[in-house]
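Enquirer: Protein sequence lines correspond, in order, to chains V and D. At position 19 of the first sequence (counting the first as 1) the number is 19 in my numbering, and the numbers step up by one without a gap. At position 173 of the second sequence (counting the first as 1) the number is 173 in my numbering, and the numbers step up by one without a gap. Please read through the structure below; I'll follow up with questions.
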Amino acid sequence: MTRFLGFLLLSVLLPLTACAPGSAPSASLGNGAEDAVVTQPFVTGAIPDQDPEKLQRLYGILSDYLSEELGVPVEYKPVTNYAASVTAFRVGDLDMVWFGGLTGVQARLQVPGAEAIAQRDIDAEFYSVFIANTDSGIEPFEDSAGLEALKGRSFTFGSESSTSGRLMPQHFLQDAGFDLSEFRGEVGFSQNHDATIQLVEAGTYEVGALNEIVWNQRVEAGAVDTSRVQVVWRTPPYYDYHWVINAQVTERYGDDFVERVQAALLKLDPSVPEQAEILDLFGANRFIETQNSNYSQIEAVGRQVGKIQ
Amino acid sequence: MTSAPPQTPAAASTGPVAPTAPVWTAGRVWLLVALGAIALSLIPTGLFRTDVVNGGGLPQLGRFARASLTPDLSAEFLAIAGQATVTTLFYAVCGTTLSVALGLVGGVLMSAVWWQAVFPQRRRPFGQVLRLGLAVPRAIHELIWGLFFVNIFGLDPLVAILGIAVPYGAIVAKVFADLLDETPRQPLQALLNSGVAPLPALLYTLLPQAFLDLLSYSFYRFECSIRSAAVLGIIGAGGLGYEIFLSLQSLRYEQLWTLFYALFALNGSVDVISALLRQRLDSPTRMDLNLKRQRSARAGVSSAALSGQPGTPASLGASRSPAWERRTRGAWGLGHALLTTLRERLWQALPAIALLLIVILIPVSFRWVGADYSKLWSPRTATLLGDVVRLATPIRITAADGAQLLQLSLQTLAMSVLAIALASVGGILLAFPAAYTFFLPGGLFSGTRESRMQRAIAWAGFIATRLVLLVCRAIPAPIWALVALFVFFPGILPGAIALGLHNLGILGRLKAEVIENLDQRPLLALQAQGAPAPSVFLYGVLPLTLTRFLAYSLYRWEVCMRETVIVGLVGAGGLGRLLTEQLSSFDYRGLVVSLGCFILLTFGVDAVSGAARRSLR
């Protein structure tokens, strides 16, 4: 009996103690060797604001394009939530990220030297839409005073950190003197724009707020049953999505790397079929230049709502 | 109205406990406290004031349920699901391995017996100090650890492994320390007295003595790790949790159910293998380790069984022979004999098979997961840790914050109370049909001459309840919460329901094990004297099981409290929802305060549950 136990003890505990630390050096050694030969990839990311499978496809094509233009390997790393994309950018695991207005400001505030380099032509005048289930009987309205009609309805935002799905809609609601507690029940957070459309269409929530571009794209693609859900209000314009790059990339790929990335993005041409596909997936005609100062309104609203400390 | 049911059955089922409790008044007081707590907990749900049920979500819930019949079985998606399953398994193996390693070291250092061996002359409080220190990592949920590690390690598999290993290591250390302290010390003392150094003395005496219990508990931890690995997927660690979260977010229910089925298969097979193995090693119950009193009672039985004929099915039948024999006697001749031989062979070989699996799985898992361990000591990690500390200090709490925190803490507490009420009542109700010693042919409450039809119904009921329990516990609580949010407005009610369902699955199985391990002799005696089934149940089964049921429920309450944070993270109410806002606002100072509240709540629940459990003895 004792021998059986002793055998079991040894044979179970030995691998336990031997393997844990044992495999560690070999793993890191492997990585080290690879690094020496291959250039460290330029890692891009994006806030997961849409259907993740669409993002994967979009960023696959974009990575190929950038890799060819820049002459360095480009990788896309998916992230599951908005805050994680900011954190990953802060710790340096993501070199360049497609941020929303708010997350971009949050990221730049945490990474000294980070720069907003490009946005879509549509981002300088970006809109959110409030959508309502048709059964709710809410009629479209032009002026923010019409928000009154939403009192006593159930309501969902997108992600907590979304600019078009939460920050600006909440800002315009508060501007109109509308308190969130005036909705029926607690407000929901659907986590992304596609989910907001589906939940409002299904009637889970009567009203929701989301990014106008995503709405238009889904309506054009026929993915929305417009007899069940309609736009009731379009917000005033604001600055939104943009590319933010970590200035430290210049240490790895050369002093002019930020400019080269910016040029590659601005160069995307709708008349070249492959590039048109990228622009199309982004819902843009072109990328245009942008700068940090464009987002001071977002920063102010962020502080007012408490999303920026 | 949805949470009204827990109240009445709770009253009915806790009622009979009082007569069996040694201190009549203490039992009554606790009963009143429990009922009062449940009633008070209903207030912050807003059940009587505002809208909590969102009827608009019912069609969505229907779509979700219907998709269970039409999972996505395309080859492409099956490949994704298969890979995700393997990833989750491997993360769990790595997490368990590290936590057992940490737990062994921590357990020895926390045990009184170790410090007594090192400093035989004077009492040193090192063990107790470490014990207090490790209570903090224990109180923080795996998911929060994961979110913290993302801040210092970035996007690396290391985040998930350590997310499991740190809190589990602290839990394992505590259990191991208790086990070591309860192990008889005479052999150790003999070696120490003859001049052997403390470490080898411990390795040659206490460790082999306590080995089976340590091993058994490690297997139980592995079952928990599988569930945690799935939860950690939700914050992006990959594997089944990640894929489930993605599918749920994009509302692809067909894919979601494929992943659910994979999760059931993984959870179910690990649970079965682990249970068989523990039974083979003759330490049948999962949580005895948390209930010292029963442990000592069992120690006598198991040592008797060990000294008898270890490794034969006899030890298996030790506690349930009548039912076992009756079940096997009726079967048919030769085929049955062959099957029996095969089963015995397998039974004999089980530890060897398990050992082989472990030896293969551990290195493979570590290689597959491919975490960058150099990050543990890289300068970047130190810098980032410094950043986090700088961002999180100094903390300030204003009066307004204090009031809000107090309110949210109370809500969170209420959520945990409602969750455990739902889980324990549901668990008790489902435990009886889920135990094989009751309604199955040959069981206590099956007739002697049953028709084939009746047998079929009994089996179907048994399998169905087992499946319900598996489904409940395999689906992570945050995913239950997201489902509950279809039909409830955000708040503590959907959170409580989600936690309740998940823990119902765990408690139901634990309680079924209690029933299966019951000493059947008094019950058979009652039956032989002609007592009708309801009387056998009321006067035989309930008194024997109820105290242990309640002890399990109280223990699980602490776990529920820890888990409130993760359902809060997906939008159910309480402190967890505040944490989500703070996380997305990068309000590190606020986070520290909220986490502090969580830890205090967990300690408080720990203390109350401990006191209540002591009064049950």
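Using N, Cα and C, we set each Cβ at its ideal position, and we do this for glycine too.
Exposed or buried, V:A36, counting other C-beta atoms within 10 Å across all chains shown (16 or more means buried)?
Expert: Any reading at V:A36 is ruled out, since the residue's pLDDT is 43, under 50, leaving its predicted position unreliable.
Enquirer: Tell me which same chain residues have a C-beta within less than 6 angstroms of the C-beta of D:A112, skipping the five on either side of it?
Expert: G127 and D181
Enquirer: Nearest to V:L94 by CA position, among V:L62, V:F42 and V:G60, is which residue?
Expert: Closest by alpha carbon: V:F42.
Enquirer: Considering D:Q529, what are the terminal residues of the alpha helix (DSSP H) in which it resides?
Expert: For D:Q529, there is no enclosing alpha helix (DSSP H), as DSSP marks it with neither H nor E.
Enquirer: What residues in the region 579-605 of chain D bring their beta carbon closer than 7 angstroms to a beta carbon of chain V?
Expert: Answer in chain order: T580, E581, L583, S584, S585, F586 and D587.
Enquirer: Alpha carbon to alpha carbon, how far is V:V249 from D:I599?
Expert: 40 angstroms
Enquirer: Please compile the residues from chain V whose C-beta is within a distance smaller than 9 angstroms of the C-beta of D:L163.
Expert: First, the residue type needs correcting, since residue 163 of chain D is Gly and not Leu in the sequence shown. Taking a Cβ-Cβ threshold of 9 angstroms, none of the residues of chain V is close to D:G163; the smallest such distance is about 13 angstroms.
Enquirer: Please list the terminal residues of the continuous alpha helix (DSSP H) segment that includes D:Q582.
Expert: L575 to S585 is the span of the alpha helix (DSSP H), which, as asked, contains D:Q582.
Enquirer: Indicate the three-state DSSP secondary structure (helix, strand or coil) for V:Q170 in the structure shown.
Expert: Three-state result, V:Q170: helix.
Enquirer: V:T188 versus chain D: which residues are under 8 angstroms apart at the beta carbon?
Expert: Reading the sequence as shown, one finds Gly at residue 188 of chain V and not Thr. What V:G188 touches in chain D, judged by beta-carbon distance under 8 angstroms, is L485, F489, P490 and G571, going in chain order.
Enquirer: What whole-angstrom Cβ distance do V:T45 and V:A88 have, given they're in contact under 8 angstroms?
Expert: Contrary to the premise, residue 45 of chain V reads as Gly rather than Thr in this sequence. Sure, about 6 angstroms apart at Cβ, within 8 angstroms.
Enquirer: Closer than 8 angstroms, Cβ to any Cβ of chain V: which residues of the region 241-255 of chain D, in chain order?
Expert: Y242, F245, L246, Q249, S250 and L251
Enquirer: For D:V369 and D:P157, which I take to be in contact (beta-carbon distance under 8 angstroms), what is that distance rounded to the nearest angstrom?
Expert: Confirmed, about 5 angstroms.
Enquirer: Which same chain residues end up closer than 8 angstroms to V:E201 when comparing Cβ atoms and leaving out the 5 residues on each side of it in sequence?
Expert: Only residues of its own chain outside the window of five on either side were considered, and among them N133, V224, D225, R228 and V229 have a CB closer than 8 angstroms to the CB of V:E201, listed in chain order.
Enquirer: Any beta-carbon of chain D closer than 7 angstroms to the one on V:E160?
Expert: yes
Enquirer: Checking contacts by CB at 7 angstroms: is D:Q454 closer than that to chain V?
Expert: Chain V, which has no Cβ nearer than 7 angstroms to the Cβ of D:Q454, makes this no.
Enquirer: Would you list, in chain order, the members of the region 69-101 of chain V that have their beta-carbon closer than 9 angstroms to a beta-carbon of chain D?
Expert: K77, P78, V79, T80, N81, Y82, A83, A84, V86, T87, A88, R90, V91, G92, D93 and L94
Enquirer: In chain order, what residues of the same chain lie with their CB nearer than 6 angstroms to the CB of V:W215, ignoring the 5 residues before and after it?
Expert: Cβ neighbours of V:W215 beyond the five flanking positions: V129.
Enquirer: At the level of alpha carbons, what is the spacing between D:Q436 and V:R218?
Expert: The residue you asked about is not Gln; residue 436 of chain D is Tyr in the sequence shown. Here the C-alpha atom of D:Y436 lies approximately 53 angstroms from the C-alpha atom of V:R218.
Enquirer: Starting from the beta carbon of V:I308, find every residue of chain D whose beta carbon is closer than 9 angstroms, and list them in chain order.
Expert: S585 and F586
Enquirer: Bridge partners for V:A116 per DSSP, in chain order?
Expert: V:V244
Enquirer: Heavy atom of the ligand GTP less than 6 angstroms from the Cβ of D:M110, yes or no?
Expert: Among the ligands in the structure shown, none appear at all, so the ligand GTP cannot be discussed.
Enquirer: For D:F462, which three-state DSSP category applies?
Expert: helix
Enquirer: Indicate whether the contact test is met: 3 or more Cβ pairs, each with one atom in the region 51-71 of chain V and one in the region 348-360 of chain D, closer than 8 angstroms.
Expert: no
Enquirer: Going by Cα to Cα distance, which pick from D:G133, D:L240 and D:A92 is closest to D:Q83?
Expert: D:L240
Enquirer: Under the assumption that D:G568 contacts D:G495 (Cβ atoms under 8 angstroms), give the Cβ distance between them as a whole number of angstroms.
Expert: 6 angstroms
Enquirer: Could you give the DSSP three-state label for V:Q217: helix, strand or coil?
Expert: helix
Enquirer: Assuming the contact rule is C-beta atoms closer than 8 angstroms, D:L619 and D:S41 should be a hit. Round their C-beta distance to whole Å, please.
Expert: No information on residue 619 of chain D is available, as it lies outside the stretch 1 to 617 that chain D covers here.
Enquirer: Can you tell which of V:R252, V:E277 and V:E289 has its C-alpha closest to the C-alpha of V:V244?
Expert: V:E289
Enquirer: Tell me the rounded alpha-carbon separation between V:M96 and D:A139.
Expert: Between the C-alpha atoms of V:M96 and D:A139 there is a straight-line separation of about 36 angstroms.
Enquirer: Does the CB of V:D35 have a neighbour CB from chain D at under 7 angstroms?
Expert: Note that V:D35 scores a pLDDT of 43, beneath 50, so its modelled location is shaky and nothing firm can be said.
Enquirer: Between the region 49-68 of chain V and chain D, which residues of the former have CB atoms less than 8 angstroms from a CB of the latter, in chain order?
Expert: D51, P52 and E53
Enquirer: List the residues of chain V that D:N151 touches, going by C-beta distances under 9 angstroms, in chain order.
Expert: Within chain V, the residues near D:N151 are T87, R90 and V91.
Enquirer: Taking a contact to mean a Cβ-Cβ separation below 7 angstroms, would you say D:T465 touches D:P441 in this structure?
Expert: no
Enquirer: Does DSSP put V:Y76 in a helix, a strand or coil?
Expert: strand
Enquirer: Along the alpha helix (DSSP H) that carries V:L210, what are the first and last residues, could you check?
Expert: That residue, V:L210, is in no alpha helix (DSSP H); its beta strand (DSSP E) goes V207 to N211.
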